[in-house]
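The block underneath contains the structure these notes are about, expressed in C-alpha cells.
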Amino acid sequence: RTEASTAASGAAAWNAIDLGCGRGRDCVWLAQRGWSVVGVDNQTAFLTSLASFAERVAPGRVRCELRDLKKVAFDSSLLQPPPLLVNVSRFMSRALLDAVVDSIPTGCVLAVHHFTREAVSLKSGRPIKRGNEDECGLEPGELRARYSQILDEVLLDEVHVSADGRALCSFAARKTSATLLR
Numbered sequence: 001r002t003e004a005s006t007a008a009s010g011a012a013a014w015n016a017i018d019l020g021c022g023r024g025r026d027c028v029w030l031a032q033r034g035w036s037v038v039g040v041d042n043q044t045a046f047l048t049s050l051a052s053f054a055e056r057v058a059p060g061r062v063r064c065e066l067r068d069l070k071k072v073a074f075d076s077s078l079l080q081p082p083p084l085l086v087n088v089s090r091f092m093s094r095a096l097l098d099a100v101v102d103s104i105p106t107g108c109v110l111a112v113h114h115f116t117r118e119a120v121s122l123k124s125g126r127p128i129k130r131g132n133e134d135e136c137g138l139e140p141g142e143l144r145a146r147y148s149q150i151l152d153e154v155l156l157d158e159v160h161v162s163a164d165g166r167a168l169c170s171f172a173a174r175k176t177s178a179t180l181l182r
C-alpha cells in the first residue's frame, strides 16, 4: 500500500529508514524493491549481519547506523535525505514515535507493526514489557488516536494474528501537513 501510494505521489527519491531494524529483514525487502534504506539498531552483531546480507542481495542500497534509540534523544539528522517511509516493526517507544512524528517531512509515511498489550512473550508467557508504559504493547487504534492531528491520511490501522498466535497492531499513515504534535 505504501509503494502504490508513494508511486502515485510522483516522488523521485524512494528513501526509507527502519528504526530498531534488528537483522534487517524489512530493510532488505525494501532495498530489493528499489528503496534506499537506513537501518538503525543498537546491536552491532545485527547490523553486521544486515550489512553483509544487504550487500549480497541489494548492493549499495542499505546503510547501517548504530544507535540506541531508547537511550539517546532522537536525532533528526537520521532523516537525511528525507525519507518517504519510516518503518518501526516490533520495536516500541512511544517517546521515540512522538519525536519521529514531529520530525518526519510532509509526505512521509510512518509504518508501525507491534504487538498488542495482550500479546505474550514466547519465553516467559507474560505480556510483553508489561511494566513499562512507554514500551508496552499497543491498544487497537491507539496510534490513530495519538497521531490523527499530524498523520492525517491513515492508510492502514488493523490488528492481525501472527503465525505463532500473537496479535499485532499494524498502522501506516502519511503526514500531509507541517503540523506538530507538541
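Position one of the sequence shown corresponds to residue 1 (UniProt numbering), numbered consecutively onward.
Quick reminder that beta carbons are idealized off the backbone N, C-alpha and C, glycines included.
* **Residues that F171 bridges to, as DSSP identifies them** => Position 171 of the sequence shown, counted from the first residue, corresponds to residue 171. Residue pairing by DSSP places F171 opposite V112, D157 in a beta bridge.
* **Buried or exposed by the 16-neighbour rule on C-beta atoms within 10 Å, applied to D164** => For the purposes of this step, residue 164 is taken as residue 164 along the sequence shown, with counting starting at 1. Using a 10 angstroms sphere on the CB of D164, the tally of other CB atoms stays under 16, which defines it as exposed.
* Under 8 Å, do V57 and G24 count as touching if we go by C-beta distance? -> Position 57 of the sequence shown, counted from the start, is the residue given in the question as residue 57. Position 24 of the sequence shown, counted from the start, is the residue given in the question as residue 24. Contact: no.
* Asked: Could you give the uninterrupted runs of the alpha helix (DSSP H) lying entirely in the region 70-105, keeping only those of 4 residues or more?
  -> Counting only runs of 4 or more, we get 94-103.
* Taking all protein chains shown into account, do 16 or more other C-beta atoms lie within 10 angstroms of the C-beta of L143, making it buried, or fewer, making it exposed? -> Taking the first residue of the sequence shown as 1, we reach residue 143 at position 143. Result: buried.
* Mapping DSSP to helix, strand and coil, what is W14? -> In the sequence shown, the residue the question calls residue 14 occupies position 14. Annotated three-state conformation of W14 is coil, per DSSP.
* List the whole-angstrom C-beta distance separating A119 from G137, where the pair is believed to meet the contact cut-off of C-beta under 8 Å. => Your numbering for residue 119 matches position 119 in the sequence shown. Your numbering for residue 137 matches position 137 in the sequence shown. Under the criterion of beta carbons closer than 8 Å, A119 and G137 qualify as touching, at roughly 5 Å.
* Asked: Can you tell me whether P59 is buried or exposed, with buried defined as 16 or more other CB within 10 angstroms of its CB?
  -> Taking the sequence shown and counting its residues from 1, the one referred to as residue 59 is at position 59. The residue in question, P59, is exposed, as its Cβ has fewer than 16 Cβ neighbours within 10 Å.
* Cα-Cα separation, L47 to D68 -> Counting from 1 along the sequence shown, the entry for residue 47 is found at position 47. Counting from 1 along the sequence shown, the entry for residue 68 is found at position 68. Taking the straight line joining both Cα atoms gives about 12 Å.
* Determine, using beta carbons only, whether Y147 and V100 come nearer to each other than 8 Å. => In the sequence shown, the residue the question calls residue 147 occupies position 147. In the sequence shown, the residue the question calls residue 100 occupies position 100. For Y147 and V100, no; Cβs fall outside 8 Å.
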